[in-house]
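Novice:
In my numbering, the protein residues as written are 5 to 517.
Following this line, the structure appears as structure tokens:
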């Protein structure tokens, strides 16, 4: 499996949590599964005791959402919901912002250490109202659980494996198909796990927040895959008055097929910036060094072993072409040593992976092995939402980037995965959001490239686009000015004109319609 192509589109908050938690989370307190399907009273919220400590001076409210859509046997889902009140003495505010996590398959990390990080995030944006978090169907503590911990074990074994890509894929696919059996075939075929279902769940949540929790005004902050969910759910939702789309992943846009061309354009922009910086320019062409490094990694792969505190055993990582390109992509995605990328690529072209590389690889390893990310949910949704990848179209793209073929070419058997999962494709169509919408994009984000994604919002009638010349996926987590702009926009119900932000959060010209 080519990790850079199959990598999940997840939120930058996950990277920030990695720095707080120090590694994959294990044995954390999560809510107990509900005992019943929630009755027949339609979509509703049921209060529950919070399962985490939020500090004596904070106020939180926890519960379960029982949404409309049930599985083929008639059993209801139950989604954990956490409300972080902004007003410490008086409980709920009039307004709430609902956070839509990325993925698909990303959990919202609803445990004690992460709740503290969410409080920091709330402060970072300067929100003057409540923040609502929830686990989407098939993620985190949502019921029924459909986790695949065995896929993490497969990933760990494959990280140090010298098997060819086709053999690695067969191992991975076998584990995935066995895991998928816990979801009845009729539910997979019907799209129980899809963006359309998640969109109905979100609308149910919004309705319950108004009816039961008394929120008069609701905004949406969405990131990465969460932006796709927001667009699908809110095109006809008048009850939302402000939407932030951060690192947009629009419906009807194929990020996998578009990756190579978009990444080449990002490298070209980075090279242009590099030309103005002597310490950077002395390392030569980014593209040439990357191509040379990939060729060397495929010819002479290097294996490094990591013994991080959060690992239960030493972990070997074999750096072949696919892994190396994934690491370079991650350096920009997580803004990890992005400024040092020219030097890192020059080193890799000689087969050298020094201390800075080890820091980068350790963080990438944390994200790769994150057990809170549900790969089964990821594949079920992606297979449902998108048209099948055409081998001929992939070949056409790779013909433009022959030096990247070894890193990006999909194993032949992978093209039929969705059929073997029993998930027929029902591709999403482009939608238009009528609400006031703030779109945030990073110029050097390879996961949701601005060039590929931003044209989808050109038809939105009330949108503002803030495109910043920075790296990092989830712009508010990497740019202070963008965070303040998003917070002001949500606080005002979409009425505040966004701040104009430039490089590193300094005022500059980077916003416009």
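Using N, Cα and C, we set each Cβ at its ideal position, and we do this for glycine too. These figures come from a predicted structure and were not determined experimentally.
Can you tell me whether residue 319 is helix, strand or coil according to DSSP?
Specialist: The residue you call residue 319 lines up with position 315 of the chain shown. In the structure shown, residue 319 sits in a strand (DSSP, three-state: E or B).
Novice: Please name the residue in 173, 468, 472 and 142 whose C-alpha comes closest to that of residue 205.
Specialist: The residue you call residue 205 lines up with position 201 of the chain shown. Checked all of 173, 468, 472 and 142; the closest Cα to residue 205 is 142.
Novice: So the candidates are 316, 374 and 296; which of them puts its Cα closest to the Cα of residue 352?
Specialist: On the chain shown, position 348 is the one that residue 352 refers to. Checking every option, the nearest Cα to that of residue 352 belongs to 296.
Novice: Under the three-state reduction of DSSP, which class applies to residue 54: helix, strand or coil?
Specialist: Here residue 54 corresponds to residue number 50 of the chain shown, with the count starting at 1. Three-state DSSP puts residue 54 in coil, outside helix and strand.
Novice: Along the chain, where does the alpha helix (DSSP H) that runs through residue 215 open and close?
Specialist: Residue numbering aside, residue 215 sits at position 211 when the chain shown is read from its first letter. Segment 199–215, the alpha helix (DSSP H) holding residue 215.
Novice: To which residues does DSSP link residue 48 through a beta bridge?
Specialist: Here residue 48 refers to the residue found at position 44 of the chain shown. Per DSSP, 70.
Novice: Report the rounded CA-to-CA distance for residue 314 versus residue 117, giving the unit in angstroms.
Specialist: On the chain shown, residue 314 is found 310 positions in, with the first residue counted as 1. On the chain shown, residue 117 is found 113 positions in, with the first residue counted as 1. Near 15 Å, if we compare the C-alpha coordinates of residue 117 and residue 314.
Novice: Which residue or residues does DSSP assign as beta-bridge partners of residue 84?
Specialist: Against the chain shown, residue 84 aligns to sequence position 80. Its beta-bridge partners are 68.
Novice: Taking the alpha-carbon of residue 49 as reference, which of 56, 113, 36 and 66 has the nearest alpha-carbon?
Specialist: Within the chain shown, the letter at position 45 stands for residue 49. Selected option, being the one with the closest Cα: 66.
Novice: Pick out whichever of 321, 326, 283 and 145 has its Cα sitting closest to the Cα of residue 300.
Specialist: Locating residue 300 in the chain shown gives position 296, counting from the first residue. Checking every option, the nearest Cα to that of residue 300 belongs to 326.
Novice: Tell me which residue opens and which closes the beta strand (DSSP E) that residue 250 is part of.
Specialist: The residue given as residue 250 occupies position 246 in the chain shown. Start and end: 244–250.
Novice: Just how far apart, CA to CA, sit residue 229 and residue 381?
Specialist: Start at 1 with the first residue of the chain shown, and residue 229 comes out as number 225. Start at 1 with the first residue of the chain shown, and residue 381 comes out as number 377. Cα-Cα distance, rounded: 13 Å.
Novice: Since residue 432 contacts residue 389 with CB under 8 Å, what's their CB separation in whole angstroms?
Specialist: Residue mapping note: residue 432 aligns to position 428 of the chain shown, counting from 1. Residue mapping note: residue 389 aligns to position 385 of the chain shown, counting from 1. About 5 Å; that satisfies the 8 Å criterion.
Novice: To the nearest angstrom, how far is the alpha carbon of residue 170 from that of residue 130?
Specialist: By 1-based counting over the chain shown, the position of residue 170 is 166. By 1-based counting over the chain shown, the position of residue 130 is 126. About 49 Å.
Novice: Expressed to the nearest angstrom, what Euclidean distance is found between the alpha-carbon atoms of residue 147 and residue 439?
Specialist: One-based indexing of the chain shown puts residue 147 at position 143. One-based indexing of the chain shown puts residue 439 at position 435. Distance between the alpha carbons of residue 147 and residue 439 is about 31 Å.
Novice: Looking at residue 383 and residue 334, is the spacing between their C-beta atoms short of 8 Å?
Specialist: One-based indexing of the chain shown puts residue 334 at position 330. One-based indexing of the chain shown puts residue 383 at position 379. No, these two residues do not count as a Cβ contact at 8 Å.
Novice: Alpha carbon to alpha carbon, what distance is there between residue 441 and residue 500?
Specialist: Here residue 500 refers to the residue found at position 496 of the chain shown. Here residue 441 refers to the residue found at position 437 of the chain shown. Taking the straight line joining both Cα atoms gives about 11 Å.
Novice: State buried or exposed for residue 60, treating a residue as buried only when at least 16 other CB atoms are found within 10 Å of its CB.
Specialist: What you label residue 60 is simply residue 56 of the chain shown in a count that begins at 1. Residue 60 comes out exposed.
Novice: So which of 83, 98 and 84 has the shortest CA-CA distance to residue 90?
Specialist: Residue numbering aside, residue 90 sits at position 86 when the chain shown is read from its first letter. Cα-wise, what sits closest to residue 90 is 98.
Novice: Alpha carbons only, please: which of 398, 424 and 222 is nearest the one belonging to residue 413?
Specialist: Looking up residue 413 in the chain shown gives position 409. When each option's Cα is compared against that of residue 413, the closest is 398.
Novice: Can you have a look at residue 108 and say buried or exposed, based on whether 16 or more other CB atoms are within 10 angstroms of its CB?
Specialist: Here residue 108 refers to the residue found at position 104 of the chain shown. Buried is the call here.
Novice: Assuming residue 304 and residue 355 make a contact with CB atoms under 8 Å, what is their CB distance in whole Å?
Specialist: Counted from its first residue, the chain shown places residue 304 at position 300. Counted from its first residue, the chain shown places residue 355 at position 351. Residue 304 to residue 355, Cβ: 6 Å. Contact.
Novice: Taking buried to mean at least 16 other C-beta atoms within 10 Å of its own C-beta, is residue 535 buried or exposed?
Specialist: Beyond the ends of the chain as shown, which are 5 and 517, falls residue 535; an answer cannot be given.
Novice: Kindly give me the distance between the Cβ atoms of residue 208 and residue 72, rounded to whole angstroms, as I take these residues to be in contact under 8 Å.
Specialist: For the purposes of this step, residue 208 is identified with residue 204 of the chain shown, where counting begins at 1. For the purposes of this step, residue 72 is identified with residue 68 of the chain shown, where counting begins at 1. Between residue 72 and residue 208 the Cβ distance is about 5 Å, and since that is below 8 Å, they are a contact.
Novice: I need the straight-line Cα distance from residue 306 to residue 324, nearest angstrom please.
Specialist: Translated into positions along the chain shown, residue 306 becomes position 302. Translated into positions along the chain shown, residue 324 becomes position 320. Distance between the alpha carbons of residue 306 and residue 324: 7 Å.
Novice: Mind pulling the beta strand (DSSP E) runs of 3 or more residues that sit fully within the stretch 415–480?
Specialist: Runs of the beta strand (DSSP E) inside the stretch 415–480: 441–446 and 467–472.
Novice: Quick check: the stretch 164–180 against the stretch 134–141, are there 3 or more CB pairs under 8 Å?
Specialist: No contact exists between the stretch 164–180 and the stretch 134–141.
Novice: Going by Cα to Cα distance, which pick from 225, 233 and 182 is closest to residue 203?
Specialist: As a first step, residue 203 is located in the chain shown; it is residue number 199 there, counting from the start. When each option's Cα is compared against that of residue 203, the closest is 233.
Novice: In three-state DSSP terms, what is residue 101?
Specialist: Against the chain shown, residue 101 aligns to sequence position 97. Here residue 101 sits in strand by DSSP.
Novice: Closest by CA to residue 254, which one among 453, 471, 479 and 242?
Specialist: Sequence index remark: in the chain shown, residue 254 carries index 250 (1-based). Nearest C-alpha to residue 254: 453.
Novice: Less than 8 Å between the beta carbons of residue 275 and residue 298, yes or no?
Specialist: Taking the first residue of the chain shown as 1, we reach residue 275 at position 271. Taking the first residue of the chain shown as 1, we reach residue 298 at position 294. Not in contact: residue 275 and residue 298 (Cβ atoms no closer than 8 Å).
Novice: If residue 460 and residue 478 are in contact, beta carbons under 8 Å, what's the gap, nearest whole angstrom?
Specialist: Here residue 460 is taken as the residue at index 456 of the chain shown, counted from 1. Here residue 478 is taken as the residue at index 474 of the chain shown, counted from 1. About 18 Å; that fails the 8 Å criterion.
Novice: Please state whether the Cβ-Cβ distance between residue 223 and residue 257 is less than 8 Å.
Specialist: Residue mapping note: residue 223 aligns to position 219 of the chain shown, counting from 1. Residue mapping note: residue 257 aligns to position 253 of the chain shown, counting from 1. Their beta carbons are not under 8 Å apart, which means residue 223 does not touch residue 257 by this criterion.
Novice: In chain order, what residues of the same chain have a beta carbon less than 7 Å from the beta carbon of residue 4, not counting five sequence neighbours either side?
Specialist: In the structure as shown, the chain begins at 5 and stops at 517. Residue 4 is therefore absent and cannot be evaluated.
Novice: Please confirm whether residue 210 and residue 226 have their CB atoms less than 8 Å apart.
Specialist: In the chain shown, residue 210 corresponds to position 206, counting from 1. In the chain shown, residue 226 corresponds to position 222, counting from 1. Their beta carbons are not under 8 Å apart, which means residue 210 does not touch residue 226 by this criterion.
Novice: Have a look at residue 155 and residue 370 and give me their C-alpha separation to the nearest angstrom.
Specialist: The residue labelled residue 155 in the question sits at position 151 within the chain shown. The residue labelled residue 370 in the question sits at position 366 within the chain shown. Each residue's alpha carbon lies about 15 Å from the other.
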